[in-house]
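Heads up: the protein sequence lines correspond to chains A and B, in order. Going left to right, the first sequence walks through residues 1 to 1141 as our numbering numbers them. Going left to right, the second sequence walks through residues 10001 to 10362 as our numbering numbers them. The beta carbon of each residue, even a glycine, is placed where N, CA and C say it ideally should be. Model, not experiment: these values are computed from the prediction.
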Amino acid sequence: MESQTHKTHRPSNKAEKKTKGKGKGKQSGFNEKAFAPKSGRRAEREGRRNVEREQTRLHVPLVDRTPDDIPPPVIVAIVGPSGVGKTTLLKSLVRRYSKQTLQEAKGPITVVSGKKRRLTFIECNNDLNSMIDIGKVADLVLLMIDGSYGFEMDAFEFLNILQAHGFPKVIGVLTHLDLIKKQSTLKSTKKTIKKRFWTEIYQGAKLFYLSGVLNGRYPDNEILNLTRFISVMKFRPLIFRNSHPYLLADRIEDLTPRETIRASRGKCDRTVTLYGYLRGTNLRQSSKVHIPGVGDMSITSVNVLGDPCPLPDADSEKRRKLSEKKKLLVHAPMSDVGGVMYDKDAVWINVPGNFTRGATDVPRGEGEQMVMNLQDVDVTLADTVSRSQIKLLGSSSMPLTVEPHDDEDSESLADDAEEDEERMDDSEEDDLSDGDEAEGTSEEELDLGSDSGRGDQGRTSSRRVTRPIAGPSEKERSGGDIAFADSDSELGEGDEEWHNRGNSPPLDLEDDVGDVSDENDGDGEEEDMPVGPAWKENLSAKAAAAFAEHARRKRRKDWMASIYSSNLTPSQIVNGERECSREEDPSDADDFFRPKGASERKDDELDRTKEILSLESLREWENESTLDSLRSAFITGDHAPADGVTAEGEDGSEAGDFEDLEADESSPQQPPQDAEAARAAELAAKKAELKRKFDEQYDDPEAAKMDFYDEKKEEINRQLQINRDEFEGINAEARVLVEGYRPGSYVRIELSNVPCEMIEHFDPHYPIIVGGLLPSEERFGYLQVRIKRHRWFTKTLKTNDPLTFSLGWRRFQTVPIYSLDDHSIRMRMLKYTPEHMHCYATFYGPVSLPNTGFCAFNSFDGETSMFRVSATGVVLDVDRSTKIVKKLKLTGVPFKIFKNTAFIKDMFNSALEVAKFEGAHIRTVSGIRGQVKKALSKPDGAFRATFEDKVLMSDIIFLRAWYSIQPRKFYNPVTSLLLSDKGRWSGMRLTGEVRKEQGLKTPLAVNSAYKPIERAPRRFNALKVSKKLQAALPYASKPRAMKPQRKKTYMERRTVVMEPEEKKAIALMQQIRALRKDQVARRREKQSERKAAHRKKVEKEEAKRADKEKEKRKDIMRVAGLKSKREMEAEEGRPRKKRKT
Amino acid sequence: MASVISYSGHQYLRQRLVLSILSGKPVRIDKIRSEHENPGLTDYEVSLLRLLEKVTNGTVIEISVTGTAVLLKPGVITGGSVTHDCPLSRAIGYFLEPLVMLGPFSKKPFYLTLRGITTDQDDLSADLIRTVTLPHLQLFGISEGLELRIKSRGAPPGGGGEVQFLCPVVKQVKTLNFVESGKIKRIRGIAHAVRVSPQFSNRMIDAARSVLNRYIPDIYLYSDVYKGEESGKSPGYALSLLAESTTSAVHCAEAVSQPGGTPEDVALLASRALLSEIRQGGCVDRKHQCLVLLMMVLGSEDVGRCRMGEPTVRTVQFLRDIRDFFGTSFKIVPANPSDPSCAELMYSCYGTGYVNVNRTLA
């Protein structure tokens, strides 16, 4: 910038752009020349690349069944090792969305994140069972990684679990980066972790860096960025979740009557309600559910509740941004949001400060006031009821009275309580008896009243109160009043509506109900009348009238009600009889009871598909007009008879009659303008359709043509539109009947016979999932799966060793048998899984759909340093039997040999066994093949066999057979949620493990010990080839083995006489050789000496180096020890904020 | 494990067995003709149970000593090659109908050979199953390799017919949206005569044409004469008719020879029955309501819709049984609320997302 005293005016960027654009005449979007390809090759390459890129965009079109209008909250799971900052992140995120700081973040927390989106955050603890469950429901995973440490084994295990159960979206979050001081180290750490993360997920997976913790939270702008990413996240439907309903319970209540719990000392099965948003597909009431960690259960009832965390409604929708008020909404029953905490069986209101009843100077909220008013009650409910003047009927002369007959009950209760007091000093009993004494009444229902006895003393924190005996249901109701109120009323209304619907036609008909039934009765009689001899007169009119009547009557029938909610027999329904006693017992409708008379009457009826045809019943078709009335059903007939354009010609008048009749029928029921309006609407629809077609063809005939991909997508969308529209009008009750409970609704599921441990050992840190089961998944059978041992799992897997599978919703231990396909002939058992190959495994367990992924574990133990995912795979087949075989070799020895026949013994024990194997192939070790012929009588189990050659007495004969094996019917569900220490589940163990734990030695059978094998040297007979055969053989095949020559050869026989110089020369040669030998010997000796000296030297050096090494290692350890000691001291000094999860 | 569903009475036995096998829920049926002079299961019912045992694996069928109660614990449908001799008390249609429902959901493609009576008074004849029932399955995407071969015909009482039923395996059936019944565009028919004069079939054709010709010219009635071994053991003749609409909705009717009757009577009966079937309206004829409704329930988790006439007695009970086994109900409303004369109903349901569990991968 040049130096000047006054700045000249600088035009804004916008203005500049404008003028620029105008000046250069750059009107069109971009400069075409600039993007024109310079070379043909490049253009071709570019084009190809574009096409390829286009292809990567395509995915298999999947139906997304989450409803558009009110989708369930997206589940965002925060996963990571303990101490990595999961809770901090959760709190930061919740604060970002709801402006509330949670003291304790437990269980799922639902917040509104946008106009169309809600999020449910859940923190996943470091337990493998929780990770599996969370992996099955999470839509988005925030995978937290300690940047200063790097990846831990758990993260990889978790990713493998995700992979097996459909991969949800994963965002990596790197924390503790502030612990890395050096900038270059930080950079390289980020890089390496990113690289690893990308190879695990996909290239370019999002990884977030969170720097440090400020005020117990992550920096606000970093969290803001993270939430932006979360809010734009798109989710691809996962197949398993798109075919199963499920629910992540955010609240659990125990509805079991207190008395039964007390009577059974808390060991009785419980009735439990679970609350949560429904996800996946529609939940039908009749379907079973599985709670991972607990077991299979059948639903007692389902209620749709008001949404506790609703999306912004229509008026706030008008705004561009989410209003601030909506932002405050957070639904986290297991945490302590706003001082309200839903415990497992109670609702706690946390009042900060010292709360005393007397202190009136402190301003109180409405809720507190209300609670205190409740505490002031001095009369029991029973008293109020007895004093009340409720009349049952308007005409009743006496009000309802309450007989005070429950005195003795409560007395005995109190007695019980006192007895119990001595045994177990439980606060519950204490309270109960206290309350009773204080009040002096026999009332057990007002728990708040009993509280008031103690309320005077005041308390600062929420006390661990257990409720009095008969409280739960009442309290539950009062506690969850807001939630229940509307649903209850809905129920009532729904019932009423249902019956109304049953009585009156579903359409807008003004006729009285009574009228209809009367008419119907009359009709029935008329119809039942046999066609008399006078049937011929005025047939057409009769037929037309009958037809119209028939049609009208049918139209008035509410088929749904009569089929599904009445107990009429099917023939009664079809013949149009009305049920007179429908009102008296509608609950009975489900049962299939028939009056005895009716069943007897139909007893002889055959189960036939075709009706019996008789000329009599079809006589009406002899009539011309009846025949003509059907003309319109054919393409040759006139088009729309309703239009008034009736058929001309000879039967015109009759047809006209018919039309008139029909019109007469319809007019009183239906206001004419209604029909006209309908007609108009129909016409409009027709026109619109025509216009659309014309537009399509006129505008761009090519545009209408879609490629396969778009066509499929369009098809899916069309079906979804139908799904939305079809049940739009009908009322909620009927809708539930037809399509079940839709995803996105907040429901309360009641389950009975839940193991008490689930409630007793409830811990909100462990997720509770209710997974709906398909009808087929309730069954058991043998599953054949394709399995591969995980390459990071260090041991091989062995057949018949227990393995814990996570398959579908379930986690269970079972005993698989591994096998491989042996040339497509048989399934052959494998003792061990192959090293780097898939194999089959077959096990007994609950049926899962083919193509469902699973992962398997050997143990859930959190202490091991091993990789715990032992295998992964996919379900291939479900059956009730298996075809796995293993090889069985039966051996025997010959005891008598004929030419090609031999008698074999020691293979079988009886002639019966031999008979079973007659004709079986046998073989000697040397490879001579043969066949089992027939059993011999004398030694038991001996048999005659023929071979292709003569066998030897020393040969071992064996028979290769296949023995089929069945996997053991062992199924052991992982009931981790029922344990008090949830990480400590262990199923069936191996004998070796049990022995190891108990310190037992493996018993050693004497025969199993290995001993040196002594084998007698085997003597082979010489090969004899008969002279005759030898003579016949060609020369090349003649045996070469000749007898050793007995006569000495010439060379041996001759005597050598040497010349003197020859002798001398030989002697010299001998001497030289001797000398040389000596020299070599001496040299070798010298060399060995030298070698020994060298070895000594090297050894000395080696020892020196080892010493140095040892010293160095000692140094390192000392420094490390000092460091850890310092750290420990520091930790003791200031308690670190690392939460243990 | 799964709770047993109980029924009483011998009626609707077939559909209950089918639903039980498809849903996997055990079913107990008691009081089977307990008050009858011939109590217990009849021979053809027992034969059907045996046949179901043959086409499944792991099915447990317990029949009480008196034969008045049956417990069926279903296994998996295996299919494959199965041969069954049907008793002469019922036609092959009685056995084939439930198997048509099970066929698409088996492990291996069905190759079923049934011997017995091919055409009789009570059950769908082999002709109708071939020309009408199987095209109904095609609505649900089950078409490739679906076939019924009539090897030889057998008229009652002697029987001696043989049919082969081939059915492919599907993963999931398609959702049906069949709301346009269209207008009848063609009529087809098969007139067959075994061990009687071949002229009989021509006489039937002529008589049927006399009724149907007034409506539409596109009528082809085939005369199907089986000779020698292929014609079974007893004489008989029958006419089966089907009317196909522009949207390929099919209505059918059939009449079988009666002792002492003439071929013309049979033809008149059949053609009039066809006309009354057409008058019922809808996209599916009354004999196939159950099949279509079942396949709709077994469809993917989408809304399936079908326009049909009023339910028959069998259909009403079938709808109730479906609710027991699959927990789903149909929405049944008049198809055309603005037109009071229209007796047709719109059946719509939300499919259960039934996936063929038995199918083998790889």
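Residue i and residue j look like a contact to me (Cβ under 8 Å); what is the Cβ gap, rounded to whole Å?
i         : j         : result
T10315(B) : L10345(B) : So it is not a contact: roughly 11 Å between Cβ atoms.
P967(A)   : V815(A)   : 6 Å
D10321(B) : L10019(B) : 6 Å
P10098(B) : V10169(B) : That pair is no contact at about 17 Å.
What residues of chain B sit near residue i, judged by a beta carbon separation below 9 Å?
i       : result
S727(A) : First, the amino acid is wrong: residue 727(A) is Phe here, not Ser. Here the neighbours are V10303, K10331, S10348 and Y10350.
P816(A) : Per Cβ cutoff of 9 Å: no residues; P816(A) is ~17 Å from chain B at best.
Q719(A) : T10175, N10177, S10300, D10302 and V10303
Considering only DSSP beta bridges, list what residue i is partnered with.
i         : result
Y275(A)   : R251(A) and R748(A)
C10342(B) : Paired residues: none, contrary to the question.
T10113(B) : T10083(B) and Q10164(B)
M827(A)   : D821(A) and I884(A)
D10030(B) : S10008(B)
Q784(A)   : T842(A) and D877(A)
Would you say residue i reaches chain B, if we count a Cβ-Cβ gap shorter than 9 Å as a contact?
i        : result
W809(A)  : no
P850(A)  : yes
S286(A)  : yes
N723(A)  : yes
P775(A)  : yes
Y246(A)  : no
S504(A)  : Note that S504(A) scores 38 on pLDDT, short of 50, meaning its location in the model is unreliable; the coordinates nonetheless yield the value given after this. S504(A) does not count as touching chain B.
T1141(A) : Interpretation of T1141(A) is limited by its pLDDT of 49, a score under 50 that renders its predicted location unreliable; the figure taken from the coordinates is listed afterwards. Taking Cβ atoms only, chain B never reaches closer than 9 Å to T1141(A), which makes this a no.
Y1010(A) : no
D643(A)  : With a pLDDT of only 40 at D643(A), under 50, the local geometry of the prediction cannot be trusted, and the value read off the model is given with reservation. For D643(A), the answer is no, since every Cβ of chain B falls outside 9 Å of its Cβ.
N282(A)  : yes
D68(A)   : no
So residue i contacts chain A; which residues on that side make the cut at Cβ distance below 7 Å?
i         : result
A10273(B) : L613 and L618
T10066(B) : The contacting residues do not exist; T10066(B) stays about 16 Å from chain A at best.
For the beta strand (DSSP E) holding residue i, just list the boundary residues, first then last.
i        : result
P973(A)  : Y971 to P973
E1059(A) : Unbroken run through E1059(A): none, as it is neither H nor E.
W792(A)  : It is not in any beta strand (DSSP E) - W792(A) carries neither H nor E in the DSSP assignment.
L226(A)  : Careful: L226(A) lies outside any beta strand (DSSP E), inside the alpha helix (DSSP H) at D220 to S231.
Within 9 Å (strictly less), CB to CB, does residue i reach chain A?
i         : result
P10168(B) : no
S10300(B) : yes
D10030(B) : no
Q10121(B) : yes
Q10138(B) : no
T10246(B) : yes
Considering residue i, what are the terminal residues of the alpha helix (DSSP H) in which it resides?
i         : result
H10136(B) : L10134 to Q10138
Q55(A)    : G40 to R57
W559(A)   : W559 to Y564
Does the ligand SAM have even one heavy atom less than 8 Å from the beta-carbon of residue i?
i       : result
E739(A) : Of the ligands one can find in the structure shown there are none, so the ligand SAM has no counterpart to examine.
In chain B, which residues lie less than 7 Å from residue i when you measure between Cβ atoms?
i        : result
S571(A)  : V10313
R1040(A) : By Cβ distance, chain B contributes nothing, its closest Cβ being about 57 Å from R1040(A), past 7 Å.
Which chain A residues are close to residue i, counting only those with a beta carbon under 9 Å from its beta carbon?
i         : result
A10255(B) : L613
Shorter than 9 Å from the beta carbon of residue i to some beta carbon of chain D?
i         : result
T10262(B) : The chain labelled as chain D is not found among the protein chains of the depicted structure, namely A and B.
Show which residues of chain A have a CB atom less than 8 Å away from the CB atom of residue i.
i         : result
K10287(B) : T609 and K610
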